[in-house]
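Novice: Below you'll find the structure I mean.
2 protein chains.
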Amino acid sequence: MGKHQTTVKDIARKLHISVSTVSRALRNLPDVNPETKKNVHEMAEKLNYEPNYIAKSLINKRTNVIGVIVPLIASSVFSRILTAMHNTAHRHGFQLMVCQSNESSTQESELIKQLVSFKIDGLLISVSSETKNDEAFEILNKKEIPYVLFDRILPINNVSKVTVDEFQCVFTAIKHLNEIGCRRIAHIGGPPHLSISKDRINGYLAALNKYNMEIDDRLILHCNNFDEDPLVNVIKLFSQKPYPDGIFTINDYTAVAAIKYLNKCGVRVPEEVSVIGFNNDPIAEVVEPTLTTIKLPCDEIGTIATDLLIKKINSPSSPPQSVTLHGDIIYRSSSEKAQLTSSFM
Amino acid sequence: MGKHQTTVKDIARKLHISVSTVSRALRNLPDVNPETKKNVHEMAEKLNYEPNYIAKSLINKRTNVIGVIVPLIASSVFSRILTAMHNTAHRHGFQLMVCQSNESSTQESELIKQLVSFKIDGLLISVSSETKNDEAFEILNKKEIPYVLFDRILPINNVSKVTVDEFQCVFTAIKHLNEIGCRRIAHIGGPPHLSISKDRINGYLAALNKYNMEIDDRLILHCNNFDEDPLVNVIKLFSQKPYPDGIFTINDYTAVAAIKYLNKCGVRVPEEVSVIGFNNDPIAEVVEPTLTTIKLPCDEIGTIATDLLIKKINSPSSPPQSVTLHGDIIYRSSSEKAQLTSSFM
DNA sequence: TTGTATGCGTTATCAG
DNA sequence: CTGATAACGCATACAA
Chain A
5 MGKHQTTVKD IARKLHISVS TVSRALRNLP DVNPETKKNV HEMAEKLNYE
55 PNYIAKSLIN KRTNVIGVIV PLIASSVFSR ILTAMHNTAH RHGFQLMVCQ
105 SNESSTQESE LIKQLVSFKI DGLLISVSSE TKNDEAFEIL NKKEIPYVLF
155 DRILPINNVS KVTVDEFQCV FTAIKHLNEI GCRRIAHIGG PPHLSISKDR
205 INGYLAALNK YNMEIDDRLI LHCNNFDEDP LVNVIKLFSQ KPYPDGIFTI
255 NDYTAVAAIK YLNKCGVRVP EEVSVIGFNN DPIAEVVEPT LTTIKLPCDE
305 IGTIATDLLI KKINSPSSPP QSVTLHGDII YRSSSEKAQL TSSFM
Chain B
5 MGKHQTTVKD IARKLHISVS TVSRALRNLP DVNPETKKNV HEMAEKLNYE
55 PNYIAKSLIN KRTNVIGVIV PLIASSVFSR ILTAMHNTAH RHGFQLMVCQ
105 SNESSTQESE LIKQLVSFKI DGLLISVSSE TKNDEAFEIL NKKEIPYVLF
155 DRILPINNVS KVTVDEFQCV FTAIKHLNEI GCRRIAHIGG PPHLSISKDR
205 INGYLAALNK YNMEIDDRLI LHCNNFDEDP LVNVIKLFSQ KPYPDGIFTI
255 NDYTAVAAIK YLNKCGVRVP EEVSVIGFNN DPIAEVVEPT LTTIKLPCDE
305 IGTIATDLLI KKINSPSSPP QSVTLHGDII YRSSSEKAQL TSSFM
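So the sequences go chain by chain: A and B.
Numbered per our numbering, the first sequence spans residues 5 to 349.
Numbered per our numbering, the second sequence spans residues 5 to 349.
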């Protein structure tokens with residue numbers, strides 16, 4: 005924190021006035037002589053005075069700091085959401101204390117405790133892939149610190165949540181695959197108890213059902229964490245017959261691994277197998293054929309979650325809200341009907 | 005900050021002892037009756053006591069918070085560096101207050117002021133592409149708040165810096181292009197006054213010189229910011245003859261744009277034009293042909309910068325250090341000699 | 001071993 | 001319009 009900080013006291017002493025007058029002048033409150041005010045501001049400037057927010061916080065019982073916990077910062081989705089959160093928070097005068105759980109529920113709960121001790125005004129959190137219950141959140145309730153869950157949520161009542169209707173996204177994707185002629189659609193999913201994994205597989209199953217496609221357990225695989233080599237599941241999928249004619253994956257990395265693998269094996273995408281990913285990572289536009297995928301409204305997620313939290317911070321009695329946003333399918337070459345049709349002619 | 009927080013006072017009152025005893029017991033200081041200590045801890049547990057770091061900070065003149073300013077969070081390089089910084093900081097008991105300047109020097113200097121007011125113990129910063137001087141850093145010197153520049157630096161004396169020897173990286177890349185037969189190597193660079201842009205173009209020029217290749221101004225282009233469509237410069241490059249036979253770009257996005265463009269035009273990569281990018285973004289492995297690029301040691305950058313800062317925070321008299329790390333060329337297909345040679349046979 | 005008093009930098013509540 | 005004083009939650013020198 006540096007050595008000697010100029011304080012209101014210093015200004016008061018130099019000007020031979022009281023600290024309360026200085027404090028008022030600095031904050032441009034009414035009832036203070038314009039000349040005094042001018043002197044104070046000049047002296048503050050001269051002494052490089054900067055208000056001490058720590059001291060302010062102690063009095064206001066408010067730090068203007070929002071804690072954020074994401075599973076990992078270096079992910080295209082979370083880093084985009086963080087960007088939006090940062091800009092929204094700063095627009096309202098809040099700083100962000102950013103933490104990552106590294107996909108560990110132990111670290112996550114430790115981080116929550118630390119942030120509570122740092123007296124954050126509120127918390128934005130997307131849970132780790134290990135997190136199974138809301139135990140770690142109890143302390144937030146006890147201390148009445150508002151929090152908003154986003155993207156990866158838990159079924160907690162009475163808490164604001166911002167999610168994407170992933171069920172609908174996936175349903176639409178599977179429907180699209182069906183329309184272009186796929187009948188045996190595989191799914192490579194994410195860690196099983198994660199909300200987003202569940203929503204996605206449910207959308208997948210519902211669509212299969214609706215469009216009279218057979219549900220074949222051999223076509224449904226899961227990774228246990230996002231660090232796993234996606235190729236493993238891809239290879240497993242194609243180690244047994246009959247092959248799928250469509251694949252929907254939990255993320256674009258897995259989809260790209262599938263496309264690359266199929267290219268290498270001489271299986272044509274999309275003519276023989278169509279592929280759809282999730283997240284609209286930069287790689288989706290680069291892979292050949294370009295990858296049809298689902299784009300999450302990262303900007304909206306971050307902005308809305310932050311806005312909801314700030315609203316709750318400013319009026320603690322406001323009721324929790326659940327906002328469900330919509331993802332967009334980005335249609336690209338990995339699921340093109342024209343080519344599929346032509347291959348049958 | 006919630007409604008009523010349990011404080012040491014509450015514990016003291018309940019136990020009919022003084023706050024100082026409670027304070028000591030809580031921190032496990034010596035000279036406190038084991039039984040008293042036990043009682044205090046039990047009562048603390050019972051009342052859900054959590055220490056108030058804000059109050060502690062006011063006394064200790066230390067917040068255990070490190071500020072970080074990056075141009076943007078949602079970049080593969082910066083988000084990876086942030087990840088390393090987070091884990092290193094937390095290992096030492098520090099929290100990270102993460103900010104992005106959005107590549108604006110105005111926002112950057114505003115953020116610095118805010119972080120100073122929040123009484124951060126130190127700052128980690130990579131400057132915006134607009135930042136031309138160290139004016140905004142003056143306040144840090146005045147307040148004696150240590151800071152470390154990383155990746156994108158400014159020529160400030162007496163300050164710790166962590167950089168990559170980009171000159172060397174680029175020199176090696178150009179040398180490699182020369183070795184596989186390139187003679188007219190183009191460079192699409194970044195914002196001109198950014199340290200990394202300068203270092204890279206200097207490495208490019210030095211290598212051209214060393215290996216007796218002609219320096220042709222028409223082959224040297226710049227983007228003014230990273231949001232620009234990289235294709236514009238690519239097209240400009242190929243709108244004039246003679247074409248280059250090698251391209252080195254400021255980042256992988258530009259390199260991929262070039263490869264895609266050349267593919268579309270029927271120009272073979274690497275047979276007719278070799279391409280090398282920078283950053284080793286995920287897209288580099290996905291594009292066809294896969295992209296030779298330079299990988300920055302993001303993990304090291306983040307870890308070392310944070311370690312340096314913490315060292316300085318803990319012993320303010322320790323001298324500033326400049327650490328230069330090395331990048332690695334990742335050789336991939338976009339610059340393969342074998343193919344080039346065979347095309348001449 | 002424990003308690004008292006004071007201070008960290010600021011704001012709020014009075015009284016003047 | 002201004003000033004003295006207490007308070008925020010905790011730590012620490014000093015006294016007991």
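Ideal Cβ placement from N, Cα and C applies to all residues, glycine included.
By the three-class DSSP mapping on this structure, what secondary structure does D10 of chain A have?
Specialist: A small correction: the amino acid at residue 10 of chain A is Thr; Asp does not occupy that position in the sequence shown. The answer is coil: DSSP assigns T10 of chain A none of H, G, I, E or B.
Novice: Compile a chain-ordered list of the residues in the region 45-69 of chain A whose CB is closer than 7 angstroms to at least one CB of chain B.
Specialist: Cβ proximity to chain B below 7 angstroms picks out N52, E54, P55, N56, Y57, I58, A59, S61, L62, K65, R66, T67 from the region 45-69 of chain A.
Novice: Would you call the CB atoms of F98 of chain B and S130 of chain B closer than 8 angstroms?
Specialist: No.
Novice: Pair every Cβ in the region 72-79 of chain B with every Cβ in the region 77-90 of chain A, then say whether three or more of these pairs are closer than 8 angstroms.
Specialist: yes
Novice: Would you kindly work out how many angstroms separate the C-alpha atoms of M5 of chain A and G306 of chain A, rounded to a whole number?
Specialist: Only weak support is given to the placement of M5 of chain A: the predicted model assigns it a pLDDT of 48, under 50, and the question is left unresolved by the model.
Novice: With a threshold of 6 angstroms on Cβ separation, who are the neighbours of T296 of chain B within its own chain once the five nearest residues in sequence on each side are excluded?
Specialist: I280, Y335, R336, S338, S339
Novice: Note down, in chain order, all residues in the region 133-161 of chain A with a beta-carbon under 8 angstroms from any beta-carbon belonging to chain B.
Specialist: I143, K146, K147, E148, I149
Novice: Comparing the C-beta of V260 of chain B with each C-beta of chain A, is any distance below 8 angstroms?
Specialist: yes
Novice: Do P248 of chain B and I189 of chain B have their beta-carbon atoms positioned less than 8 angstroms apart in this structure?
Specialist: yes
Novice: Helix, strand or coil for L19 of chain B, going by three-state DSSP, please let me know.
Specialist: In the three-state reduction of the DSSP assignment, L19 of chain B falls in the helix class, which pools H, G and I.
Novice: Along the region 84-110 of chain A, where does the CB come closer than 7 angstroms to a CB of chain B? Name the residues.
Specialist: R84, L86, T87, H90, Q99, L100, M101, V102, C103, Q104
Novice: Would you say D285 of chain B lies against chain A (beta-carbon separation less than 8 angstroms)?
Specialist: yes
Novice: Could you pull the DSSP bridge partners for D285 of chain A from this structure?
Specialist: In the DSSP output, where bridge partners are listed per residue, D285 of chain A has none listed.
Novice: Is it buried or exposed, D256 of chain A, if we count other Cβ atoms within 10 angstroms and call 16 or more buried?
Specialist: Burial state of D256 of chain A is buried, judged by a 10 Å Cβ sphere holding 16 or more other Cβ atoms.
Novice: Return the residue from the list A:G71, A:A16, A:K65 that minimises the CA-CA distance to K41 of chain A.
Specialist: A:A16
Novice: Could you tell me which uninterrupted alpha helix (DSSP H) segments, each at least 4 residues in length, are contained entirely in the region 188-232 of chain A, listed from first to last along the chain?
Specialist: 199-214
Novice: Evaluate contact between the region 139-153 of chain A and the region 169-179 of chain A, counting only Cβ atoms and requiring at least three cross-stretch pairs below 8 angstroms.
Specialist: In short, these stretches do not touch, since the Cβ pair count stays below three.
Novice: Can you give me, in chain order, the residues of the region 222-237 of chain B that have a beta carbon less than 9 angstroms from any beta carbon in chain A?
Specialist: none
Novice: Which one of B:L241, B:E134, B:D125, B:E218 has the shortest CA to CA distance from I200 of chain B?
Specialist: B:E134
Novice: From the DSSP output, in three-state form, read off Q325 of chain A for me.
Specialist: Coil, per DSSP.
Novice: Quick one: grab the DSSP three-state call for D332 of chain A.
Specialist: In this structure, D332 of chain A counts as strand in the three-state DSSP scheme.
Novice: Compute the Euclidean distance between the alpha carbons of T25 of chain A and L62 of chain A, then round it to the nearest angstrom.
Specialist: Roughly 20 angstroms separates the two Cα atoms.
Novice: Less than 6 angstroms between C-beta atoms, sequence neighbours within five positions excluded: which residues of the same chain meet that for V12 of chain B?
Specialist: V23, V26, S27
Novice: Measuring CB atoms only, is the region 117-128 of chain B touching the region 177-195 of chain B, in the sense that at least three cross pairs come out at less than 8 angstroms?
Specialist: In the pairwise beta carbon analysis, the region 117-128 of chain B is classified as not touching the region 177-195 of chain B: fewer than three pairs are separated by under 8 angstroms.
Novice: Does I77 of chain A have its Cβ less than 8 angstroms from a Cβ in chain B?
Specialist: yes
Novice: Measuring only between beta-carbons, confirm whether V277 of chain B sits less than 8 angstroms from chain A.
Specialist: no
Novice: Show which residues of chain A have a CB atom less than 7 angstroms away from the CB atom of F122 of chain B.
Specialist: By Cβ distance, chain A contributes Y57, Q99.
Novice: With the cut-off set at 8 angstroms, would you say I157 of chain A and I124 of chain A are in Cβ contact?
Specialist: In this structure, I124 of chain A does not lie closer than 8 angstroms to I157 of chain A by Cβ.
Novice: Rounding to the nearest angstrom, what Cα-Cα distance links L223 of chain B and M217 of chain A in this structure?
Specialist: 56 angstroms
Novice: Whose C-beta lies closer than 7 angstroms to the C-beta of D138 of chain B among residues of the same chain, with five residues either side of it excluded?
Specialist: L158, I160
Novice: With burial defined as no fewer than 16 other Cβ atoms inside 10 Å of the residue's Cβ, what is the status of L300 of chain A: buried or exposed?
Specialist: buried
Novice: State yes or no: is the beta carbon of V168 of chain B nearer than 8 angstroms to at least one beta carbon in chain A?
Specialist: no
Novice: What residues match up with V69 of chain A in a beta bridge as DSSP calls it?
Specialist: A:Q99
Novice: If I'm right that P75 of chain B touches Q104 of chain B with Cβ under 8 angstroms, what's the distance once you round it to whole angstroms?
Specialist: 7 angstroms
Novice: With a cut-off of 8 angstroms, does the C-beta of Q244 of chain B fall near any C-beta of chain A?
Specialist: no
Novice: Quick one: using the 10 Å Cβ neighbour count with 16 as the cut-off for buried, is R204 of chain A buried or exposed?
Specialist: buried
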